[in-house]
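Notes for the one structure printed next.
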Amino acid sequence: MSETVIKCESVYKIFGNNAKKMLDEANGNVDAKTFQEKGCIVGVNNASFEVAKGEMLVVMGLSGSGKSTLLRCISRLTDATGGKIFIEGQDLLELNNKELIDLRRNKMGMVFQSFALLPHKTVVENIAFPLQVKGTSTEDSISRAMEMVKLVGLDGRENYFPRELSGGQQQRVGIARSLAVEPDIWFLDEPFSALDPLIRKEMQDEFLRLQEKLQKTIMFITHDFDEALKLADRIAIMKDGIIEQLDTPANIVLNPATEYVRKFTEEVPREKVLVIEDVMDSPSKDNLGDLKVSKDEIIENVAEKILTQEKIVEVIDSNNNVVGSIKPSKIIDTVFGGRNNGS
Amino acid sequence: MEYLKKYPKLFQWLFLLAVFFGLCFSIDVPETYKFIRGQAEFVKDPNQSVYFFLGKEVRYYAFDVFWRLPPLLGWLPIWINDSLFFLMNEWMPMEFWNEDTQEFKTRPLLLQISRNLTSFMTFLIELIREILLGGLETIVAFTSWDFIDAYPWLELPGLPWTIVAAGATILSYKLSGRGLALFAGLTMIYISLFGQWKPSMQTLSFILVAAPLSFIFGLGLGIAAYKSKRVEKALYPILLVMQTMPQYAVLVPALVLFGVGDHAAVIITMVVAVPPMILLTILGLRAIPPEVIEAGRMSGCTNWQLMLKVLIPTARRDILIGVNQVIMVCFSMAVISAFIGAKGLGFNLLLALNQLNIGLALEAGLCISLIAILLDKMSLAWANKQTDYFGNLTFFQRNKNVIFFVASFVIGIVLAYIGTFIFKGSFNYLFEIPHNKGISTADFWNKGVDWIFDTFFVYIKAFNTWLIQDVLQPMRALYLRMPAVATLVLVVGAGYIIGGIRSSLVVCGLTLFIALSPWWDRALVTFYMATFGVVISCLIGFSVGTLCFQNKKSAAFMLGVCDIFQTFPSFVYLIPVMMLFGITDTSVLIAVIVYATIPATRYTIEGLRSVPIGLHEAATMSGVNKFQRLTKIEFPLAFPHMMLGLNQTIVFALFMVIIGAFIGTEDLGQYILKALSDKNGAGIGLTLGICVAFIGLIFDNLIRTWVSQRKKQLGID
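As given, the protein sequences belong to chains G and F, one line each in that order.
Take the first sequence: its letters are residues 1 to 343, numbered as in our numbering.
Take the second sequence: its letters are residues 1 to 717, numbered as in our numbering.
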């Protein structure tokens, strides 16, 4: 892996009057129930993880799971109650106000669920806003903002006010604004949740296209498991402030760590999520057929071909080296297996 | 029993009313009781009782405590007055450097602060006034009289009216466009041609100081309250009282603290105009979605940038309503503060009303109203202005407004110069049209009034007599017939039923303050006039509002009318009614009704509008007709908002009742007006003001509590 950009060590966020004191007394053993009895609400409970440069970490959880709070701790919109957060090796909680503002002006961008556009500014003014508070001249900031307008495909609408745009268009403005200062780290807080399904899919594809081009380090918050699977390099699933599991989409689907995670994975069409490499066995010598499939193929795309075979199928990598094998029955197991348990 | 369980509140109310009327009938009117027309402290009468408290002598007519409570707070006004005098004249004497006499002088601290403040205000007003009308004091303030003697060319005249008119037109054009520019131009020409230029500019200079200062202070304090809970808690009670305090009442203390003149008027205007600005600023800032604030922070705003570029612009709507209120209050005060020596249109208006010269009053009133509307629209347009980044404008296009202004400046001066040749020996009409040389329609109006009086005198008089004899007098007698205990029980009981113990304690405290003051009877009279006004206003307002709501266009039109009417200074309302009904209670009540109908109508329309469209559709699909929809869906849902309208109606009515004292009524207002001309009146005026404010607050508390409960039940808001 390349260098670490975001690093969290036992981050806690507890709301309430004596939060700090109670956390110290708890000795790292925080129980949401006992805290609640004493009038404190646990937002984030002992979160530790790292995000590498250019990686997209999706934090998934239902409402009230603490995912947004975790994001706000890392962007320091709220101060974490305990633990340490490092951004590119800098201790975030040690920064003074000026350093924090510098960090936000140059390194961070954030997109919000409700778009959070400034109602009194036009599209281009909204996008230029982070540049203008930084002190960039009007001319430069506007011309840069116009580039962003083109990037998110809003050409011709730069003089519109947010209230004159549709939800999808407003969020494009939000995305453009967060990218205006060319940040390295990109926070997205349920950016597509307020959009209707068709627009959401369109925006997700657009987002993937952008990320391919920009290669930012991303923390993406969502309550939609399918969205998480579609976008993520790795997924963190949160419940009651605790990260239940943090892993690649494939591993989460194949090996859910807890009962809670398993419930999410049940309904997931595995053939659409997993690639051959995730389910293949070690290379086999006997009973080989003629068919060879690439390890990076999504199962759905090759399932039909494999299932028509009677013999074992060889799996190859991009250099045509054999890296594994797969039996047709394995495909059936993967797609249908593990679902009959309950019903 | 079943009904009791089903409608517990109804039975509580019935029980309360039964107790109230029981008390009313069981307590007889004492034989010695009569409505006291003079103020007890000025009347010496062997029948009076006397007690001493804190060294103050309080005289009063004693009654059975069930009938009227003794004025245990009677010492308060005298004590406030003495304290004020002590603070101003004796407290903390210090040495201050005196510029004029070039020596140190011993003065009490507060007096010195007050003097510095007033000289600062005077300077600001004079500065603007001298630009508009000419004068020397500002220049002298920076230099000296000797300097002026040495350089006589410094005795610059004011701007010719043509330049001011052109300036206002160009500014309006830049801010909003042709419509407003036309309005501004016509207003200015009207003012000038009708010879109101000088008083108008005096009023304008007063407003141009008072309004921005009130805006800045209100915004600043509002932001402070938004940032700190402690500041908000400290400010809140003062704000509440100030919201319902009649503007008259603060005049007298201001007189003591700051003396007579425009500067005192500015300060007192700020005292009245700042509270609504603070409240609306807090309201606006609170309503900002948290994500917008976070977006601002993530964009890398410093605290200042966040406040100036994100918070205030986002809360713009409410802050603008605040500005609107500030301007409204400023114009209202421009008239009222004529009582303490502010110059300008207000002074002329009062003078004309005093002389019963309705025509002159009408002209002055129209001028004030026009300027008020103009400034209001200009401030709105200014706040909504946008910058255009993309226009490839030429130098001329970018600076055309400045160029036009410079051109009109030159033309104006040339015209004024030419004028000196044309109007040789007489007044230079191209420079300034003097007060008595303009066109005047006063005679026309006065003749009209006379004609109306001559023609309709019989009918008007018959109506007047009927109203006073058959409606008002009996109603007033009924109110005065209430024993104090019964009133207290009614108010406290209502508080308990609506808002529980907390609410009942609050209203009990407020009522007790009035009951223990020496002016309970007067308060009852004020209350009776206000009730009469409020009931009629609500009837009119609710029905007009409901009717207008039936059609989108008429609703929008009505709201616009309300906007304009609200911009009129309150005193202006007295003019037309005096035209018709002369100096009677009827005049006051009609002014009250007209004034108080504005909020009643506005809130009805707004309330009905706020009913969600989905419910309309659901109702229509359930097959209701228009009338059923109104009674079953729209009224119940809009009712909480309409009750807030009632709250405003009560405050407006109280204001106008108190102002009506100028025509002559026998309520608290009469004493406030008297206190104005009394050198010991500060304490009395302030206490009376608090009494009126408390009447308003009793209803405010009850209505607000009820509304918030009801809204929770309905799940709106």
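The C-beta atom is built at its ideal place from N, Cα and C for all residues, glycine as well.
For this session: Can you grab the Cα-Cα spacing for the pair Asp-149(F) / Ala-145(G), in whole Å?
Result: The sequence position of residue 149(F) within the second sequence is 149, counting from 1. The sequence position of residue 145(G) within the first sequence is 145, counting from 1. Spanning the two alpha carbons is a distance of roughly 60 Å.
Problem set entry | Residues near Gly-342(G) in its chain [Cβ-Cβ closer than 7 Å; skip 5 each side] | Mapped onto the first sequence, residue 342(G) falls at position 342. For Gly-342(G), the predicted structure reports a pLDDT of 37, less than 50, and the residue's modelled location is therefore unreliable. The matter cannot be settled from this model.
Exercise. Of all Cβ atoms in chain F, is any one closer than 7 Å to the Cβ of Arg-270(G)?
Worked result: Within the first sequence, numbered from 1, the residue matching residue 270(G) stands at position 270. Answer no: the Cβ-Cβ gap between Arg-270(G) and chain F never drops below 7 Å.
For this session: Please report how far the alpha carbon of Thr-757(F) lies from the alpha carbon of Met-94(F), in whole angstroms.
Result: No answer is possible for residue 757(F): it lies beyond the span of chain F, which begins at 1 and ends at 717.
Exercise. Is the number of C-beta pairs between the region 328-345 of chain F and the region 255-266 of chain F that are closer than 8 Å three or more?
Worked result: yes
For this session: State the start and end residues of the unbroken beta strand (DSSP E) segment that holds Cys-8(G).
Result: Within the first sequence, residue 8(G) is the residue found at index 8, counting from 1. Element bounds for Cys-8(G): 4-15.
Problem set entry | Which of helix, strand or coil DSSP assigns to Tyr-7(F) | Position 7 of the second sequence, counting from 1, holds the residue named residue 7(F). Residue state, collapsed to three classes: coil.
Exercise. Could one say the Cβ of Ser-299(F) lies closer than 7 Å to chain G's Cβ atoms, at least one of them?
Worked result: Indexing the second sequence from 1 puts residue 299(F) at position 299. Yes, Ser-299(F) counts as interfacial toward chain G.
For this session: Please state whether DSSP places Asp-443(F) in a helix, a strand or coil.
Result: Along the second sequence, read from residue 1 onward, the residue named residue 443(F) stands at position 443. If DSSP states are grouped into helix, strand and coil, Asp-443(F) belongs with the helices.
Problem set entry | Alpha carbon of Glu-617(F) to alpha carbon of Arg-609(F), nearest angstrom | Taking the first residue of the second sequence as 1, we reach residue 617(F) at position 617. Taking the first residue of the second sequence as 1, we reach residue 609(F) at position 609. Rounded to the nearest angstrom, the two C-alpha atoms are 14 Å apart.
Problem set entry | Closer than 9 Å at the beta carbon, the chain G residues around Arg-316(F) | Position 316 of the second sequence, counted from the start, is the residue given in the question as residue 316(F). The answer, in chain order, is Pro-119, His-120.
Exercise. Out of Leu-646(F), Ser-379(F), Lys-343(F), Phe-63(F), which has the shortest C-alpha to C-alpha gap to Leu-697(F)?
Worked result: Mapped onto the second sequence, residue 697(F) falls at position 697. Measuring from the Cα of Leu-697(F), the nearest candidate turns out to be Leu-646(F).
Exercise. If you pair each beta-carbon of the region 310-330 of chain G with each one of the region 288-301 of chain G, do three or more pairs fall below 8 Å?
Worked result: yes
Problem set entry | Reference Val-506(F); option with closest CA among Ala-184(F), Ile-27(F), Phe-444(F), Gly-495(F) | As a first step, residue 506(F) is located in the second sequence; it is residue number 506 there, counting from the start. For Val-506(F), the nearest C-alpha among the options comes from Gly-495(F).
For this session: Please work out which residues of its chain come closer than 6 Å, Cβ to Cβ, to Met-201(F), disregarding the five sequence neighbours upstream and downstream, and give them in chain order.
Result: Working through the second sequence from its first residue, we reach residue 201(F) at position 201. Cβ neighbours of Met-201(F) beyond the five flanking positions: Leu-132, Leu-133.
For this session: Just the C-alpha distance for Ile-368(F) and Phe-339(F), rounded to the nearest angstrom, thanks.
Result: Position 368 of the second sequence, counted from the start, is the residue given in the question as residue 368(F). Position 339 of the second sequence, counted from the start, is the residue given in the question as residue 339(F). Rounded to whole angstroms, Ile-368(F) to Phe-339(F) spans 16 Å at the Cα level.
For this session: Can you give me the start and stop residues for the beta strand (DSSP E) that Ala-47(G) sits inside?
Result: Position 47 of the first sequence, counting from 1, holds the residue named residue 47(G). Ala-47(G) -> beta strand (DSSP E) spans 41-52.
Exercise. Which runs of the alpha helix (DSSP H), 4 residues or longer, sit entirely within the region 169-244 of chain G?
Worked result: 197-214, 225-231
Problem set entry | Contact under 7 Å by Cβ, Val-344(G) with Cys-301(F) | Not covered by the structure: residue 344(G). The range shown for chain G is 1 to 343.
Exercise. So what's Asn-106(G) in DSSP terms, helix, strand or just coil?
Worked result: Locating residue 106(G) in the first sequence gives position 106, where the first residue counts as 1. Helix, per DSSP.
Exercise. From Met-60(G), Met-108(G), Gly-61(G), pick the residue whose C-alpha is nearest to that of Ile-6(G); which is it?
Worked result: What you label residue 6(G) is simply residue 6 of the first sequence in a count that begins at 1. For the residues Met-60(G), Met-108(G), Gly-61(G), the minimum Cα distance to Ile-6(G) belongs to Met-108(G).
Problem set entry | Extent of the continuous alpha helix (DSSP H) to which Asp-278(G) belongs | Walking along the first sequence from the start, residue 278(G) turns up at place 278. Asp-278(G) -> alpha helix (DSSP H) spans 276-279.
For this session: Kindly indicate which three-state DSSP category Phe-15(F) falls into: helix, strand or coil?
Result: Position 15 of the second sequence, counted from the start, is the residue given in the question as residue 15(F). Phe-15(F) falls in the helix class under three-state DSSP.
For this session: Measure the alpha-carbon distance for Val-19(F) versus Leu-488(F) and round it to whole angstroms.
Result: Position 19 of the second sequence, counted from the start, is the residue given in the question as residue 19(F). Position 488 of the second sequence, counted from the start, is the residue given in the question as residue 488(F). Taking the straight line joining both Cα atoms gives about 11 Å.
Problem set entry | Nearest-angstrom Cα separation, counted from Ala-232(G) out to Ile-14(G) | Against the first sequence, residue 14(G) aligns to sequence position 14. Against the first sequence, residue 232(G) aligns to sequence position 232. Going by the C-alpha atoms only, they are around 28 Å apart.
For this session: Tell me whether Glu-90(F) sits in a helix, a strand or coil according to DSSP, three-state version.
Result: Looking up residue 90(F) in the second sequence gives position 90. Glu-90(F): coil per DSSP, three-state reduction.
Exercise. If you count every other CB in all the chains shown that lies within 10 Å of the CB of Ala-168(F), and 16 or more means buried, which is it?
Worked result: Start at 1 with the first residue of the second sequence, and residue 168(F) comes out as number 168. Buried, by the Cβ-count rule.
Problem set entry | Nearest-angstrom Cα separation, counted from Gly-509(F) out to Leu-117(G) | Residue numbering aside, residue 117(G) sits at position 117 when the first sequence is read from its first letter. Residue numbering aside, residue 509(F) sits at position 509 when the second sequence is read from its first letter. The alpha-carbon atoms of Leu-117(G) and Gly-509(F) are separated by roughly 47 Å.
Problem set entry | Touch test, the region 135-155 of chain G against the region 319-332 of chain F, Cβ-Cβ under 8 Å, three pairs minimum | no
Exercise. Around the C-beta of Lys-198(F), are 16 or more other C-beta atoms found within 10 angstroms, so that it is buried, or is it exposed?
Worked result: If you number the second sequence from 1, residue 198(F) lands on position 198. Answer is buried; the Cβ neighbour count reaches 16.
Exercise. Would you say Phe-15(G) faces chain F, with C-beta separation under 7 Å as the test?
Worked result: Along the first sequence, one-based indexing puts residue 15(G) at 15. Cβ-Cβ to chain F under 7 Å: no for Phe-15(G).
For this session: Taking C-beta pairs closer than 9 Å, name the residues in chain G that Glu-291(F) reaches, listed in chain order.
Result: Stepping through the second sequence from its first residue, residue 291(F) is reached at position 291. Within 9 Å Cβ-Cβ: Phe-112, Gln-113, Ser-114, Phe-115, Ala-116, Asp-189.
Exercise. Could you give the distance in angstroms between the alpha-carbon of Leu-539(F) and the alpha-carbon of Phe-652(F)?
Worked result: Translated into positions along the second sequence, residue 539(F) becomes position 539. Translated into positions along the second sequence, residue 652(F) becomes position 652. Straight-line Cα distance between these residues: approximately 15 Å.
For this session: Compute the Euclidean distance between the alpha carbons of Ile-659(F) and Asn-625(F), then round it to the nearest angstrom.
Result: As a working note, residue 659(F) is residue 659 in the second sequence. As a working note, residue 625(F) is residue 625 in the second sequence. Approximately 45 Å between the Cα atoms of the pair.
Problem set entry | Neighbour list for Gly-129(G) in chain F, Cβ cutoff strictly below 8 Å | Within the first sequence, numbered from 1, the residue matching residue 129(G) stands at position 129. A small fix is needed here, since residue 129(G) is Phe in this sequence, not Gly. By Cβ distance, chain F contributes Ser-299, Lys-309.
Exercise. Is it right to say Leu-54(F) is buried, meaning 16 or more other beta carbons lie within 10 angstroms of its own, or is it exposed?
Worked result: Here residue 54(F) refers to the residue found at position 54 of the second sequence. Leu-54(F) should be labelled exposed.
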